[in-house]
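Engineer:
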Amino acid sequence: MKPNTILFGFYDDSQPSDFFEQNSTFKELKMAKVREEQFLGLRGDAYEHRGLQPTEYVRMVHDCMFWMQKNVCLARHFQHLDRAAVVRSRHRLYIDVWPVNFLHPEESPSAIDNCWLFTMQLACILHMVAGWKHSTTLRIFMCVGSFGASGDGGEEVARHRRHWESMLQLLRIEATISVVLWDHVVGMADLTSKGPPPNDYLRAVNAMVKQHSQTTAVLFLYLPPPPAHGDEERMLYLEQLDLLTSGLPPTMLVHGISPVTSITL
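Counting in my numbering, the sequence shown runs without a single skipped number right up to 304 at its last residue.
1. Give me the Cα-Cα distance between Arg98 and Met274, rounded to the nearest whole angstrom.
2. Less than 8 Å between the CB atoms is what I'm expecting for Ile134 and Arg178, so what's the real figure, rounded?
3. Return the bridge partner residues of Ser53 from the DSSP annotation.
4. I need the straight-line Cα distance from Leu161 to Lys233, nearest angstrom please.
5. If I follow the unbroken alpha helix (DSSP H) through Ala228, where does it start and stop?
6. How far does the alpha helix (DSSP H) with Phe105 in it extend, from its first residue to its last?
7. From what residue to what residue does the alpha helix (DSSP H) around Ile32 run?
8. The beta strand (DSSP E) that contains Ser217, what's its start and end?
9. Which of the three DSSP states is assigned to Ala85 in this structure?
10. Only counting the same chain, and skipping five residues up and downstream in sequence, which positions put a Cβ closer than 6 Å to that of Ile296?
11. Tell me the DSSP secondary structure of Met291 in three-state form.
12. Taking DSSP as the reference, what is the three-state secondary structure of Asn245?
13. Short of 7 Å in beta carbon distance, which residues of its chain neighbour Ala267, apart from the five on each side in sequence? Order them along the chain.
14. Do Thr176 and Arg131 count as a contact pair if the criterion is CB distance below 7 Å?
15. With distances taken from CA atoms, which of His199, Asp121, Pro236 is nearest Pro288?
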């Protein structure tokens, strides 16, 4: 099988965690060397001590999407994921999917495309892991304005909800759908502007997601394509992702390119 997905750790200043020390199975792999250097050595804590600069990291993400045509995932905060605690939990935990392009909310899709099919597939696979199926529930958040929750807009929300429900049924995915009013959040962004959203808006999005993630085990967010040119734009892109995901539960930012599920059979 040809690999179609590339997974990156998130580029931040969090303390590196050596997972190989937690399992003796990986002892030989941990000690492997290439040209006298430890093959899987931990990076330094400070940016200046790293072999990879933040702008280079963003360029790699861009190249994986557009030159290699691969699905790309950025994983953040997974060092805080206690898998055993999830399985043992007496309270229902959630695997959350937010189908919104938070960096460009005006571009959020009204249809379920390859990207969201891939995101749903990842969330569904995690839900099917032994122990997780009985301790977690898959949950999808629909962000709507108050104008869309009543009157004629209510019919539009109901239509999108039926669309998601029919797609989930077609894919045989069990999930609940939660509607979130976010006028107070999206109102901070200029939906008519093609420029980057203000930081206050991103902090408000972060607070909104955090508010609904008190019992979340893992959440999935949309990963917007990185800028193709300009180091300043690349740094801004990474800073925006940092603001968006700061302090959240284990988070997977997902961008799907290739089709992963067929609904034509």
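All C-beta atoms, glycine included, are put in the ideal place defined by N, C-alpha and C.
Just so it is clear, the structure is predicted and the values come from calculations on it, not from any experiment.
Structural biologist: In short:
1. Cα to Cα, the separation comes out at about 10 Å.
2. 7 Å
3. None; Ser53 has no bridge partner.
4. Computed Cα separation, rounded: 30 Å.
5. For Ala228, no alpha helix (DSSP H) encloses it, and the DSSP letter there is neither H nor E.
6. 93-105
7. Outside the shown range of the chain (40 to 304) lies residue 32, about which nothing can therefore be said.
8. 215-220
9. Residue placement at Ala85 is flagged as unreliable, the pLDDT there being 48, under the threshold of 50; a coordinate-derived value is accordingly withheld.
10. Gln108, Asn110
11. strand
12. helix
13. So the list reads His101, once near-sequence residues are dropped.
14. yes
15. Asp121
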